[in-house]
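Q: One structure, as structure tokens, below. Some questions next.
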Amino acid sequence: KDLLLSEDDDRVYKRKLWMKSLCHDPTCLKQLRVNNRLLNGLCDVLQKDGGLVATKNVTIKEIVALFLHILGHDQKNSTIATTFVRSGETVSRQFHIVLQAVLKIGKLYLNHQRNELFHERDAERWKWFPNAVGALDGTFVGLTVSAVERSRYRNRKGMKR
Numbered sequence: 001k002d003l004l005l006s007e008d009d010d011r012v013y014k015r016k017l018w019m020k021s022l023c024h025d026p027t028c029l030k031q032l033r034v035n036n037r038l039l040n041g042l043c044d045v046l047q048k049d050g051g052l053v054a055t056k057n058v059t060i061k062e063i064v065a066l067f068l069h070i071l072g073h074d075q076k077n078s079t080i081a082t083t084f085v086r087s088g089e090t091v092s093r094q095f096h097i098v099l100q101a102v103l104k105i106g107k108l109y110l111n112h113q114r115n116e117l118f119h120e121r122d123a124e125r126w127k128w129f130p131n132a133v134g135a136l137d138g139t140f141v142g143l144t145v146s147a148v149e150r151s152r153y154r155n156r157k158g159m160k161r
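Residue numbers (full-length UniProt numbering): 1 to 161.
What follows is the structure, given as structure tokens:
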């Protein structure tokens, strides 16, 4: 029984040590891609406007740090679980909670105005393609065409496969 208690204490110690290392700007920038001031500000905004709430065992700063670390390094759940000394289930659940909070504040902080001036300016350029589907700006759009309709579509190298 004492062995299990010491393992739990060890996990808590490692977790606190990791979070303390993130308080230093160089480490914070390298691991989370933001400085410590921005991390604290983001935590405040997500808590106040996004409805993010700390749990009994996980602080808001740790939840947001976990989220930013996943986004900043494109790492798997198991890697993050090891880094933050948490279970994979906790990592997944907390990531989705922060994601919901970010989506919620996105509605408050992002401006979704349509830029009519841009459309008017480019209308002359694209008037010859009124019903065109796809990207006309040179962006590649991957597609799969059914065998029945394949003969209708071709690219500069011949038929689409």
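Note that beta-carbon positions come from the ideal geometry of N, C-alpha and C, so glycine has one too.
Identify the continuous alpha helix (DSSP H) that holds Asp44 and give its terminal residues.
A: Asn36 to Lys48
Q: Quick check on Ala54: does DSSP put it in helix, strand or coil?
A: Note: Ala54 maps to coil in three-state DSSP.
Q: Determine, using beta carbons only, whether Leu66 and Leu32 come nearer to each other than 7 Å.
A: no
Q: If distances are taken between C-alpha atoms only, which option among Tyr109, Glu124 and Lys56 comes closest to Leu42?
A: Tyr109
Q: In the DSSP assignment, find the unbroken alpha helix (DSSP H) run with Ser95 in it and report its ends.
A: Here residue 95 is Phe; the residue named in the question, Ser, does not match the sequence. According to the DSSP assignment, Phe95 belongs to the alpha helix (DSSP H) that extends over Gly88 to Tyr109.
Q: In three-state DSSP terms, what is Leu22?
A: Leu22: coil per DSSP, three-state reduction.
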